[in-house]
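Start counting the sequence shown at 1; every next residue gets the next number (UniProt numbering). By construction, the Cβ of each residue, glycine as well, lies at the ideal position given by its N, Cα and C atoms. In this text the structure is predicted, and so the values were computed from the model without any measurement. Scroll down for the structure; my scribbles are underneath it.
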Amino acid sequence: MTDRPSEKLHRPPLHPMKICLPLSAAVTHSLTYFYTASRGIPSFPEFVTVGLVDEQPISYYDSTQRREVPKQEWMEQTADEEYWEKQTQISRATEQRFKASINTVIQRLNQTEGPHIVQNMYGCEWDDKTGKVNGFNQFGYNGEDDIVFNLETETWIAPKHQAMITKMKWDRDEAKIQKDKMYLTGVCVDWLKKYLEFGKESLMRTGMNVKSVISPLCTKQWMLYFICKVLKFT
1 MTDRPSEKLH RPPLHPMKIC LPLSAAVTHS LTYFYTASRG IPSFPEFVTV GLVDEQPISY
61 YDSTQRREVP KQEWMEQTAD EEYWEKQTQI SRATEQRFKA SINTVIQRLN QTEGPHIVQN
121 MYGCEWDDKT GKVNGFNQFG YNGEDDIVFN LETETWIAPK HQAMITKMKW DRDEAKIQKD
181 KMYLTGVCVD WLKKYLEFGK ESLMRTGMNV KSVISPLCTK QWMLYFICKV LKFT
């Protein structure tokens, strides 16, 4: 997980492991980031990242263009060149890390043949009526949950045996766990509120703020969710 975003915006003029809680319509908002590293998929970038507010894409990067770009006009108007340059550098570094990760997984599982996908989905939710916040962070391999962060217990859950080594390693890193928790329940929520303010006219016009938000943690096949719901907007 990468702590995004890291630079200021300019204000314009005035499964078994899936924890699925019902979300109230109209008041629950979300900020979500998807990272996808792939191998052996024709005509598909080896790395893609998309940021979304209430399921509406706001930023995009892939290993072909190697540049973070806005996906909404209001994002283009409120973020300066320095912001996009910083996000580009973050995405390039994340790209290298994810390419190394997919190589490690393939070698560990001895799966050199066929297409492979490693994904990370993380972000936060905020109820603007009750003030309740929630954070999520999970990794998937080839369309299935690989390892999921449980915010309440502050531990990682490994649905499959292949992720147990990673789980034990990450559970021991208390400093990283606290950093992630602080981001998911604090920094992420602060940026979500900023984005909602910056894009409120667009969000109201598209009706996104009056739809029930589907919790990413409740998406049974979140790899397919990413491809079907996100990439079609890019």
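#### Entry: Reference Trp126, options Glu55, Ile58, Val50, Lys193, closest by Cα
Your numbering for residue 126 matches position 126 in the sequence shown. When each option's Cα is compared against that of Trp126, the closest is Lys193.
### Task
With a threshold of 16 other CB atoms inside 10 Å of the CB of His161, please say whether the residue is buried or exposed.
Numbered from its first residue, the sequence shown carries residue 161 at position 161. When all chains shown are included, His161 counts as exposed.
### Task
Using beta-carbon positions only, say whether Ser38 and Ile90 come within less than 8 Å of one another.
As a position in the sequence shown, residue 38 is number 38, starting the count at 1. As a position in the sequence shown, residue 90 is number 90, starting the count at 1. Not in contact: Ser38 and Ile90 (Cβ atoms no closer than 8 Å).
### Message
Along the chain, where does the alpha helix (DSSP H) containing Asp180 start, and where does it finish?
### Response
Position 180 of the sequence shown, counted from the first residue, corresponds to residue 180. Here the alpha helix (DSSP H) through Asp180 covers 174 to 182.
### Query
In the structure shown, what three-state DSSP assignment does Phe34 receive?
Numbered from its first residue, the sequence shown carries residue 34 at position 34. Assignment of Phe34 by DSSP, reduced to helix, strand and coil, places it in the strand class.
### Task
Verify whether the separation of the beta carbon atoms of Met1 and Tyr122 is less than 8 Å.
Numbered from 1 along the sequence shown, position 1 holds the residue referred to as residue 1. Numbered from 1 along the sequence shown, position 122 holds the residue referred to as residue 122. Against a cut-off of 8 Å, the Cβ pair of Tyr122 and Met1 comes out as a contact.
#### Entry: Leu52 - DSSP class collapsed to helix/strand/coil
As a position in the sequence shown, residue 52 is number 52, starting the count at 1. Looking at Leu52 - three-state DSSP - the assignment turns out to be strand.
#### Entry: Rounded distance between the beta-carbons of Val148 and Thr185, thought under 8 Å
Your numbering for residue 185 matches position 185 in the sequence shown. Your numbering for residue 148 matches position 148 in the sequence shown. The Cβ separation is near 16 Å, so there is no contact.
### Task
Quick one: using the 10 Å Cβ neighbour count with 16 as the cut-off for buried, is Pro70 buried or exposed?
Position 70 of the sequence shown, counted from the start, is the residue given in the question as residue 70. The residue is buried, with at least 16 neighbouring Cβ atoms inside 10 Å.
### Query
Which of the three DSSP states, helix, strand or coil, is assigned to Gln77?
On the sequence shown, residue 77 is found 77 positions in, with the first residue counted as 1. The answer is helix: DSSP assigns Gln77 an H, G or I state.
### Task
Could you tell me which residues DSSP puts in a beta bridge with Ile147?
Residue numbering aside, residue 147 sits at position 147 when the sequence shown is read from its first letter. The partner list for Ile147 (beta bridge, DSSP) reads Phe139.
### Query
Under three-state DSSP, which class holds Ser212?
Counting from one through the sequence shown, the residue named residue 212 turns up at place 212. Because Ser212 sits at a pLDDT of 39, beneath the cut-off of 50, its placement in the model cannot be relied upon, and the point is left open.
### Query
Can Ser38 be considered in contact with the ligand SAM, in the sense that its beta carbon sits closer than 7 Å to one or more heavy atoms?
In the structure shown, the ligand SAM is absent, as is every other ligand, since no ligand is present at all.
### Task
Could you have a look at Thr155 and say whether DSSP puts it in helix, strand or coil?
Position 155 of the sequence shown, counting from 1, holds the residue named residue 155. Looking at Thr155 - three-state DSSP - the assignment turns out to be strand.
### DSSP-derived helix/strand/coil call for Met1
Within the sequence shown, the letter at position 1 stands for residue 1. DSSP places Met1 in coil when its eight states are reduced to three.
### Terminal residues of the beta strand (DSSP E) in which Asp171 lies
As a working mapping, residue 171 is identified with position 171 in the sequence shown. From DSSP, Asp171 is part of no beta strand (DSSP E) but of the alpha helix (DSSP H) over 164 to 171.
### Message
With H, G and I counted as helix, E and B as strand and the rest as coil, what does DSSP make of Ile58?
### Response
Residue mapping note: residue 58 aligns to position 58 of the sequence shown, counting from 1. Of the three classes helix, strand and coil, the one that applies to Ile58 here is strand, per DSSP.
### Whole-angstrom distance between Leu203 and Ile102, CA atom to CA atom
As a working mapping, residue 102 is identified with position 102 in the sequence shown. As a working mapping, residue 203 is identified with position 203 in the sequence shown. So the alpha carbons of these two residues sit roughly 36 Å apart.
### Top-ranked residue by Cα proximity to Asn120, from Ile106, Glu95, Asn110
By one-based count along the sequence shown, residue 120 stands at place 120. Of the candidates Ile106, Glu95, Asn110, the one whose C-alpha sits nearest the C-alpha of Asn120 is Glu95.
### Query
Is the Cβ-Cβ distance between Gly199 and Val53 less than 8 Å?
The residue given as residue 199 occupies position 199 in the sequence shown. The residue given as residue 53 occupies position 53 in the sequence shown. It is a contact, given that the beta carbons lie within the stated cut-off.
### Query
Quick one: what's got a C-beta closer than 6 Å to Glu154's C-beta in the same chain, skipping five residues either side?
Start at 1 with the first residue of the sequence shown, and residue 154 comes out as number 154. Closer than 6 Å at Cβ, skipping near neighbours: Ile177.
#### Entry: Bridge partners - Gln107, DSSP secondary structure assignment
Translated into the one-based positions of the sequence shown, residue 107 becomes position 107. Bridge partners of Gln107: none, in fact.
### Task
With a threshold of 16 other CB atoms inside 10 Å of the CB of Thr182, please say whether the residue is buried or exposed.
As a working note, residue 182 is residue 182 in the sequence shown. For the record, residue 182 in the displayed sequence is Met; it is not Thr. By the Cβ neighbour-count rule, Met182 is exposed, with fewer than 16 other Cβ atoms within 10 Å of its own.
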